[in-house]
Amino acid sequence: MAAIVAQALTKHYKDTVAVNAISFEVREGECFGFLGPNGAGKTTTMKMTYGFSPVTSGRLEVFGLDVLTRSREVRAQTGVCPQEDNLDPDFTVRKNLIVYCRYFGIDPVEAAKRADELLDFVALREKAGGPVMALSGGMKRRLVLARALLNKPKLLILDEPTTGLDPQARHVLWDKIRELRRKGVTILLTTHYMEEAAQLCDRLVIMDKAKILVKGSPAELTAKHARPTVVEVWNPPAAAEAWIKARNMPCERFGDRLYVYPDAGEALQRELVTKFNADQVIVRRGTLEDVFLRLTGRDLRE
13 MAAIVAQALT
23 KHYKDTVAVN
33 AISFEVREGE
43 CFGFLGPNGA
53 GKTTTMKMTY
63 GFSPVTSGRL
73 EVFGLDVLTR
83 SREVRAQTGV
93 CPQEDNLDPD
103 FTVRKNLIVY
113 CRYFGIDPVE
123 AAKRADELLD
133 FVALREKAGG
143 PVMALSGGMK
153 RRLVLARALL
163 NKPKLLILDE
173 PTTGLDPQAR
183 HVLWDKIREL
193 RRKGVTILLT
203 THYMEEAAQL
213 CDRLVIMDKA
223 KILVKGSPAE
233 LTAKHARPTV
243 VEVWNPPAAA
253 EAWIKARNMP
263 CERFGDRLYV
273 YPDAGEALQR
283 ELVTKFNADQ
293 VIVRRGTLED
303 VFLRLTGRDL
313 RE
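Quick note on numbering: the sequence shown equals residues 13 to 314 in the working numbering.
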């Protein structure tokens with residue numbers, strides 16, 4: 013059974029179309045990603061999925077339940093890790109979990125048991141009696157993840173779970189997400205980090221301006237929409253750029269960088285270094301980030 017089925021899913025806020033007739037299907041037990049610039053409709057889609065934001069039109073089912081008419085049952089099977097760390101600063105680390113159990117009607121004995129198990133899972137047991145505000149950013153994100161797991165959800169929604177974390181904290185959280193996936197939890201993930209999507213997602217969609225542009229696995233999307241070889245040239249000499257264009261090599265200029273998409277990357281690199289003394293030239297494979305930028309553009313969006 014599919015975990016999530018969306019058909020022509022639409023969300024309007026007065027005159028604004030936040031999500032425009034998108035369709036997708038999430039398989040049970042997979043990690044499914046949503047990528048897109050700010051304002052693309054990712055978070056709105058997440059909120060509709062667990063019944064927090066009403067659907068304007070279209071079909072949306074979670075584990076066979078119509079979200080529009082059975083949102084309470086959907087929420088009972090869903091854990092949500094929001095963008096913000098909305099923990100209660102007046103409670104200890106452990107009490108944040110125990111109090112949250114009340115929303116699901118979990119009795120106090122079971123609540124204490126689950127809290128301790130999840131503190132072990134996210135490696136925060138030694139912080140259990142301490143204040144939330146004493147936790148680092150990475151620890152707070154792990155505590156929010158633990159809170160999202162208190163009701164033993166079949167579906168876990170992670171809305172930009174590692175934003176603002178340092179690389180070490182990000183990798184720790186990745187390991188926990190992988191462990192949950194191995195246990196069969198279905199994961200819906202939004203992220204701004206292309207590496208995160210490539211590492212964690214079985215499949216994903218890229219959204220822009222309220223619509224889905226493409227869908228597939230990270231490898232499939234990279235193979236289809238990115239050039240296999242990319243040569244990046246920092247501050248290219250004018251003569252070098254003219255030489256490249258005269259040979260009709262596909263290229264793009266963004267700021268102080270020239271991106272060239274040749275058939276033979278290393279040969280081009282040697283030419284640029286020997287003929288034009290270009291001193292900052294790298295050759296790399298196409299990535300998911302190249303796909304993202306090619307489809308959504310490179311303009312900054314707030």
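A virtual CB, placed ideally from N, CA and C, is assigned to each residue, including glycine.
Query, Result
"Beta-carbon proximity check, residue 262 vs residue 282, cutoff 9 angstroms", "no"
"Residue nearest to residue 165 in terms of C-alpha spacing, selected from 292, 28, 40", "40"
"Enclosing alpha helix (DSSP H) for residue 80 [first to last residue]", "Here residue 80 belongs to no alpha helix (DSSP H), and DSSP marks it neither H nor E."
"Cβ distance (whole Å) where residue 109 is taken to contact residue 88 below 8 angstroms", "Not confirmed; about 18 angstroms, so no contact."
"Straight-line gap, residue 145 to residue 174 (C-alpha atoms, nearest Å)", "18 angstroms"
"Contained beta strand (DSSP E) runs [length at least 3] in the region 141–224, N- to C-terminal order", "167–171, 198–202, 215–220"
"Beta-carbon proximity of residue 315 to residue 33, cut-off 9 angstroms", "Not covered by the structure: residue 315. The range shown for the chain is 13 to 314."
"Where residue 17 falls: helix, strand or coil (DSSP)", "strand"
"With 16 other Cβ atoms within 10 Å as the buried cut-off, status of residue 302", "buried"
"Coil, strand or helix - residue 99 by DSSP", "coil"
"Cβ-based neighbour list, residue 68, same chain, cut-off 7 angstroms, excluding 5 preceding and 5 following", "22, 23, 24"
"Span separating the alpha-carbon of residue 215 from that of residue 133", "26 angstroms"
"CB of residue 159 within 9 angstroms of CB of residue 184, strictly", "no"
"Coil, strand or helix - residue 306 by DSSP", "helix"
"Nearest-angstrom Cα separation, counted from residue 149 out to residue 180", "12 angstroms"
"Where residue 8 sits in the DSSP three-state scheme", "With the chain covering 13 to 314 only, the question about residue 8 has no answer from this structure."
"Validate contact between the region 250–265 and the region 89–99 using beta carbons, cut 8 angstroms, 3 pairs", "no"
"Contact under 9 angstroms by Cβ, residue 63 with residue 105", "no"
"Under 9 angstroms between C-beta atoms of residue 190 and residue 208", "no"
"Three-state class that DSSP yields for residue 244 in the structure shown", "strand"
"First and last residue of the uninterrupted beta strand (DSSP E) at residue 271", "269–272"
"Residue 170 versus residue 288 - alpha carbon distance", "48 angstroms"
"Residues of its chain near residue 192, where Cβ-Cβ distance is below 7 angstroms and the 5 sequence neighbours each way are ignored", "168, 199"
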